[in-house]
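Q: After the structure tokens below, expect a handful of questions from me.
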Amino acid sequence: MKKLILVFFLMFGVSSFAQTTVTGKVVDENGEPIPGANLVVVGVAEGAVTDFDGNFTLSTSQVPPFKLRVTSLGFTENTVDVTSNNQSLEITLSEASTLLDEIVISASRTPERIFESPVTVERFGLKEIENTASADFYDGLENLKGVDVNTNSLTFKSVNTRGFATFANTRFMQLVDGMDNSTPALNFPIGNLVGMIETDVQSVELLPGASSALYGANAFNGILFMRSKSPFDYQGISASIKRGITSQEAAGDNSYTDVGIRAAHKFSDKFAAKVNFGYLRGTDWQATSEVDKFDPTRTRADLNYDGINVYGDEVSTNIKEVALTLEGLGRLPAGANALVPSVDVSRTGYNERDLTPYRAESIKADWGLYYRPWANDFEIAYVGKVGTGTTIYQGLNRYNIANFFQEQHKIEFRNDNFFLRGYLVADKAGDSYDMVFTGININRAWKDDNTWFGEYTGAYVLATLAGATNEQAHAAGRAQAESGRFEPGTPEFQAAFNRSINDPDLATGSKFQDASKYYHVDANYNFSHLVDFAEIQVGGSYRRYSLNSFGTIYTDFDGPIDYSEFGIYSQIQKSMDLNDAMNLKLTGSVRYDKSEFFDGFFSPRLSAGLTVNRNHNIRASVQTGFRNPTTQDLFIGLNAGRAILVGAAPDNLDRYVRTYDVSASGQLEGRPATIEQSGRAAYENSYVAQSVLAFAASGNPDDLVVGNPDLVEPEQVTSFEVGYRGKINKLSIDFSAYYNSYKDFISQTNTIAPYYGVVDGDGNGQVDIDPSAFQALSRGDFETYNAYTNSTADVNSYGAALGLTAKVFGNYDLSGSYTYTKLDFDQASDPGFQVQFNTPEHKFKASFGNAELFKNFGFNIAYRFSDDYFWESTFGNGVVPEFHVLDAQVNLDVPSIKSTFKLGGTNLTGDEYFTAFGTGFIGSMYYLSWTINN
23 MKKLILVFFL MFGVSSFAQT TVTGKVVDEN GEPIPGANLV VVGVAEGAVT
73 DFDGNFTLST SQVPPFKLRV TSLGFTENTV DVTSNNQSLE ITLSEASTLL
123 DEIVISASRT PERIFESPVT VERFGLKEIE NTASADFYDG LENLKGVDVN
173 TNSLTFKSVN TRGFATFANT RFMQLVDGMD NSTPALNFPI GNLVGMIETD
223 VQSVELLPGA SSALYGANAF NGILFMRSKS PFDYQGISAS IKRGITSQEA
273 AGDNSYTDVG IRAAHKFSDK FAAKVNFGYL RGTDWQATSE VDKFDPTRTR
323 ADLNYDGINV YGDEVSTNIK EVALTLEGLG RLPAGANALV PSVDVSRTGY
373 NERDLTPYRA ESIKADWGLY YRPWANDFEI AYVGKVGTGT TIYQGLNRYN
423 IANFFQEQHK IEFRNDNFFL RGYLVADKAG DSYDMVFTGI NINRAWKDDN
473 TWFGEYTGAY VLATLAGATN EQAHAAGRAQ AESGRFEPGT PEFQAAFNRS
523 INDPDLATGS KFQDASKYYH VDANYNFSHL VDFAEIQVGG SYRRYSLNSF
573 GTIYTDFDGP IDYSEFGIYS QIQKSMDLND AMNLKLTGSV RYDKSEFFDG
623 FFSPRLSAGL TVNRNHNIRA SVQTGFRNPT TQDLFIGLNA GRAILVGAAP
673 DNLDRYVRTY DVSASGQLEG RPATIEQSGR AAYENSYVAQ SVLAFAASGN
723 PDDLVVGNPD LVEPEQVTSF EVGYRGKINK LSIDFSAYYN SYKDFISQTN
773 TIAPYYGVVD GDGNGQVDID PSAFQALSRG DFETYNAYTN STADVNSYGA
823 ALGLTAKVFG NYDLSGSYTY TKLDFDQASD PGFQVQFNTP EHKFKASFGN
873 AELFKNFGFN IAYRFSDDYF WESTFGNGVV PEFHVLDAQV NLDVPSIKST
923 FKLGGTNLTG DEYFTAFGTG FIGSMYYLSW TINN
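Numbering of the sequence shown is given in this note's numbering, commencing with residue 23 and proceeding in unit increments.
Written out as structure tokens, the structure reads:
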């Protein structure tokens, strides 16, 4: 085995013969040690990293004199001379004067100053984490320039940049130590629910915009990198405990606890290990809106009411058709249907607060074993992560994600020039359930739909015959139909609730099942130690999905659905000194990706950065990106109540099949009592849903439009960006502007497929004159589908962001940013298309603080403003009003016990707000934290 490892080692050219030894210590300007500082011999791939006390020992084949380059996150780079063997050095690093001086890796997969990055990059390091006024580091991301954080629940927040925000954000990638932590079942990250523990966070970097050229298909809108601390560099036991309350008008004041513990030990120069544990518990933001989802002027007194956070009232029917059915069964006298109006009536629903305990919880742990067989930069690591949690997710419906479980396991080989990693991500849905179907099926448990609507219609007829007005007759109908209702809090209600959330059949229950997984391998090699004229990198990745929802989400009724995709890329970067004051950095990269369902795609990126006098940098880039349709786009088969979601993979269309009851009118015409329809009807025999609504109002077939959407294909974007970074005295400026042009924008469209009749038999895009199809629509003999396709419309977006930071009044930090984001889309060109931009046009953020107001005491105040914007989603559409948020914290360091105490609060004005239609209002949080040895 040792011989195999040695061969592997030699293949990558990392073997060397030590001739010179240098020892020493790296400290800051106050003489405090800097752990984790990197020391590299200039011109060769040899170096060392300081330990927890800032000490290092470096062995190199170079013969003095030579130079050492010393870097550490948050500090300005320093270069020192080595003049003799066994030399001892004390190296001082100055704190970075601005964030632009800090080192990032994500933009080019190689260390470089933010100042010289070829694209826009935001960074959140140890200093920013310590000083954030937010409740934790993940929430603190919403204070970064250009970043949107949409709050799904207390423990599930969705990060996005540059538009098209959703909670199911498949356009944005989130990596933790190189591992994608999107859930296999949902294909997107669920915030930090099962992510990193704050005491183990080394740094966070965020790339806004398309990053497909280096990171693949899912890095379409941006990518978030979270990097943990190495046990070789950060040792000992550290802990954090945060206690406080959340305060919301709907939920009241509730306790909040967040605990994190980290233990790491370096057993020798060759072996180190660490373990982390985190626990969070609180009460979620309650969603209590009773506004009608489709008409805000309607109330619960309206016949066809459908409240935003009221579930079960999605079930409705036309009572005229019910009267005809009852006549056919002999339960109403012939002709009685003439007394019944042709109106839709909905069942009475249950409030969301009666269907969930609003428990917010996260329990997570991770561990790592790190082995450096030659005590240098070559490292073999195994990392394991597990997490379970309870949260609320809003997709097509509202879901209580209860006791969700996710695990990750990674093996990685790496040194300064390469990495090779493979990992597994698997999840289990736990006790999760759909709250909408819980409400629907509790209703059906005490009275099935046919009985309820039959009683309603029968009572309406009797009341009308007795001389009641229309309004009185409807009231009598509902009163009769509601007899026997299970009221919240009763044993009958609780029993029906328990049966529903443990039953995965959506006809009778609401349980959400899943045990999906994916396997991922990626590698990168940097030839900079072998090639002098430029820095060249090559890499690639492979992923295999295994979807297993037991037929509750996907059409995997008969076993897991497996498919795969791969990609390869290369990048070349050249830095040239044009003169003593100007440096030009050129970067070119290209990536090829291939899914087994689609043709391959090339994603090139070109960028140039000109640095002038080290204090001014002008950059420009053009890049293309693409994203493959997600697992849901391809294989979903889900009855969501008002619509059925059917994925567009060719072999998925016939996997989803249902049997439907034909109306009484249809049966009188000679149609069978039931009819079978597959998901193929959504794509090959359907009308545009909006046109059916127009037809229902007018009765004119000319209003109908053929649906029949094309099967979904990969989406593409071309992105142009320019930017400027500069330092003028104590002021730092960071400006960027971009323009994105999308092709084959992946979208969802609602179609309506009649149970009988032909929509477009010859495929010419014109509606056939088929009276039977028109009659099916008039009788309600149709199904509504949500189909996955590409819009033919031109979709463009553009925007700009300006960030300013400065030292004022001596040592105070003042920063502010403004972000402008705009959608360029002509709705008339594709009336049925929901673009779901979901982003404010204007955002402003500011912070003011001092990390050392006086000795060991600091403070920070953060303010955020968001313009109002329109939120579109499959759950519902509505305006999100503008909001203003003020957060603040004070912190006290107590060096004698290696502790930091922080007292803080969020949304201190108490003005509750929300960031998406249908979610709970966000209240305030107040907390006190104690962090030890971090």
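Where is the CB? At the ideal position from N, CA and C, for every residue including glycine.
Please determine, among MET218, VAL169, VAL781, the residue with the shortest C-alpha to C-alpha distance to ALA711.
A: Within the sequence shown, the letter at position 689 stands for residue 711. Ranking the options by Cα distance to ALA711, first place goes to VAL781.
Q: Could you give the distance in angstroms between the alpha-carbon of ALA286 and the alpha-carbon of VAL223?
A: The residue given as residue 286 occupies position 264 in the sequence shown. The residue given as residue 223 occupies position 201 in the sequence shown. Using only the alpha carbons, I get a separation of about 13 Å.
Q: Considering only DSSP beta bridges, list what LEU569 is partnered with.
A: Here the question's residue 569 lines up with position 547 in the sequence shown. Answer by DSSP bridge pairing, in chain order: ILE583.
Q: Quick check on VAL830: buried or exposed, where buried means 16 or more other Cβ atoms within 10 Å of its Cβ?
A: Here residue 830 refers to the residue found at position 808 when the sequence shown is read from its first residue. It is exposed - the Cβ of VAL830 has fewer than 16 other Cβ atoms within 10 Å.
Q: In terms of residues, what are the limits of the alpha helix (DSSP H) holding VAL344?
A: In the sequence shown, counting from the first residue as 1, residue 344 sits at position 322. Per DSSP, VAL344 belongs to the alpha helix (DSSP H) from 341-350.
Q: Quick one: what does DSSP say ASP388 is sitting in, helix, strand or coil?
A: On the sequence shown, position 366 is the one that residue 388 refers to. Note: ASP388 maps to strand in three-state DSSP.
Q: Are there three or more Cβ pairs, one per stretch, closer than 8 Å when the stretch 600-607 is compared with the stretch 690-698?
A: Short answer: they don't touch.
Q: To the nearest angstrom, how far is the alpha carbon of SER763 from that of VAL169?
A: For the purposes of this step, residue 763 is taken as residue 741 along the sequence shown, with counting starting at 1. For the purposes of this step, residue 169 is taken as residue 147 along the sequence shown, with counting starting at 1. Approximately 20 Å, taken between the alpha carbons.
Q: If you compare alpha carbons, which of THR72, GLU54, LEU111 is closest to VAL44?
A: On the sequence shown, residue 44 is found 22 positions in, with the first residue counted as 1. Ranking the options by Cα distance to VAL44, first place goes to LEU111.
Q: Considering just the uninterrupted stretch of the beta strand (DSSP E) at PHE879, what are its terminal residues?
A: Position 857 of the sequence shown holds residue 879. 879-888 is the span of the beta strand (DSSP E), which, as asked, contains PHE879.
Q: Just to confirm, is the Cβ distance from THR177 to SER895 under 8 Å?
A: Your numbering for residue 177 matches position 155 in the sequence shown. Your numbering for residue 895 matches position 873 in the sequence shown. Result no, Cβ atoms of THR177 and SER895 do not sit closer than 8 Å.
Q: Specify the secondary structure class of VAL85 as computed by DSSP and reduced to three states.
A: Counted from its first residue, the sequence shown places residue 85 at position 63. Correct three-state label for VAL85: coil.
Q: Mapping DSSP to helix, strand and coil, what is ASP915?
A: By one-based count along the sequence shown, residue 915 stands at place 893. It is a strand residue.
Q: How is LYS24 classed by DSSP in three states: helix, strand or coil?
A: The residue you call residue 24 lines up with position 2 of the sequence shown. Low confidence applies here, because LYS24 scores a pLDDT of 42, under 50, leaving its location unreliable and the question unanswered by this model.
Q: Is it true that the stretch 510-528 meets the stretch 436-452, where meeting means three or more beta-carbon pairs spaced less than 8 Å apart?
A: Judged by Cβ distances under 8 Å, the stretch 510-528 makes no contact with the stretch 436-452, as fewer than three pairs qualify.
Q: Pick helix, strand or coil for PHE194, following the three-state DSSP scheme.
A: The count along the sequence shown starts at 1 and reaches residue 194 at position 172. Three-state DSSP puts PHE194 in a strand.
Q: Mind checking whether TYR392 and PHE515 have CB atoms under 8 Å apart?
A: In the sequence shown, the residue the question calls residue 392 occupies position 370. In the sequence shown, the residue the question calls residue 515 occupies position 493. No; because the gap between Cβ atoms is not below 8 Å, this pair is not in contact.
Q: Please report the straight-line C-alpha distance between VAL734 and ALA670, rounded to a whole angstrom.
A: As a working note, residue 734 is residue 712 in the sequence shown. As a working note, residue 670 is residue 648 in the sequence shown. C-alpha separation (whole angstroms): 6 Å.
Q: Put ALA990 into one of helix, strand or coil per three-state DSSP.
A: Any property of residue 990 remains undetermined from this structure, which presents the chain solely from 23 to 956.
Q: Helix, strand or coil, according to DSSP, for LEU246 in the structure here?
A: Position 224 of the sequence shown, counted from the start, is the residue given in the question as residue 246. Note: LEU246 maps to strand in three-state DSSP.
Q: Tell me the rounded alpha-carbon separation between TRP952 and GLU152.
A: If you number the sequence shown from 1, residue 952 lands on position 930. If you number the sequence shown from 1, residue 152 lands on position 130. Rounded to whole angstroms, TRP952 to GLU152 spans 11 Å at the Cα level.
Q: Tell me whether ALA517, by its Cβ, gets closer than 7 Å to a heavy atom of the ligand GTP.
A: With respect to the ligand GTP, the structure offers nothing, as it holds no ligand at all.
Q: Note down, in chain order, each residue of its chain lying with its Cβ closer than 7 Å to the Cβ of GLY622, except the 5 sequence neighbours on either side.
A: Residue numbering aside, residue 622 sits at position 600 when the sequence shown is read from its first letter. Contacts found: TYR614, ASP615, LYS616.
Q: Which residues share a DSSP beta bridge with LYS616?
A: To locate residue 616, count along the sequence shown from 1; it is residue 594. BP columns for LYS616 point to PHE588.
Q: Between TYR317 and PHE519, what straight-line distance do the alpha-carbon atoms span, to the nearest angstrom?
A: Taking the sequence shown and counting its residues from 1, one reaches residue 317 at position 295. Taking the sequence shown and counting its residues from 1, one reaches residue 519 at position 497. Checking the sequence, you will find Asp at residue 317 rather than Tyr. If I take the Cα positions, the gap works out to 29 Å.
Q: From this set, LYS315, ASN340, SER869, which residue's C-alpha is nearest PHE881's C-alpha?
A: In the sequence shown, counting from the first residue as 1, residue 881 sits at position 859. Residue SER869 is the option with its Cα nearest to PHE881.
Q: What number of angstroms, rounded off, separates the C-alpha of HIS864 from the C-alpha of TYR160?
A: The residue labelled residue 864 in the question sits at position 842 within the sequence shown. The residue labelled residue 160 in the question sits at position 138 within the sequence shown. The straight-line gap from Cα to Cα measures roughly 22 Å.
Q: Do GLY69 and ASN60 count as a contact pair if the criterion is CB distance below 8 Å?
A: Within the sequence shown, the letter at position 38 stands for residue 60. Within the sequence shown, the letter at position 47 stands for residue 69. Result yes, Cβ atoms of ASN60 and GLY69 sit closer than 8 Å.
Q: Measure the beta-carbon distance from LYS167 to THR173 and round it to whole angstroms, keeping in mind my assumption that it falls under 8 Å.
A: The residue you call residue 167 lines up with position 145 of the sequence shown. The residue you call residue 173 lines up with position 151 of the sequence shown. Rounded, the Cβ-Cβ distance is 19 Å, inconsistent with contact.
Q: Examine chain D for any beta-carbon lying closer than 8 Å to the beta-carbon of TYR777, and answer yes or no.
A: Of the protein chains in the structure, only one exists, and it is not chain D.
Q: Could you tell me how far apart the beta carbons of ARG19 and ASN240 are, in whole angstroms, since I believe they sit closer than 8 Å?
A: No answer is possible for residue 19: it lies beyond the span of the chain, which begins at 23 and ends at 956.
Q: Who does ILE402 pair with in a DSSP beta bridge?
A: One-based indexing of the sequence shown puts residue 402 at position 380. DSSP output for ILE402 lists TYR393, PHE435 as bridge partner(s).
Q: Look at the alpha carbon of SER563 and the alpha carbon of THR268, and state the distance between them as a whole number of angstroms.
A: The residue given as residue 563 occupies position 541 in the sequence shown. The residue given as residue 268 occupies position 246 in the sequence shown. Looking at the two C-alpha atoms, the distance is approximately 43 Å.
Q: Rounded to a whole number of angstroms, what is the C-alpha to C-alpha distance between MET33 and ASN398?
A: The sequence position of residue 33 within the sequence shown is 11, counting from 1. The sequence position of residue 398 within the sequence shown is 376, counting from 1. Low confidence applies here, because MET33 scores a pLDDT of 38, under 50, leaving its location unreliable and the question unanswered by this model.
Q: By a C-beta neighbour count over all protein chains shown, 10 Å radius and 16 as the cutoff for buried, is GLU618 buried or exposed?
A: Within the sequence shown, residue 618 is the residue found at index 596, counting from 1. Burial call: exposed.
Q: Distance check for LEU354 and THR339, CA to CA, integer angstroms please.
A: Taking the sequence shown and counting its residues from 1, one reaches residue 339 at position 317. Taking the sequence shown and counting its residues from 1, one reaches residue 354 at position 332. The straight-line gap from Cα to Cα measures roughly 18 Å.
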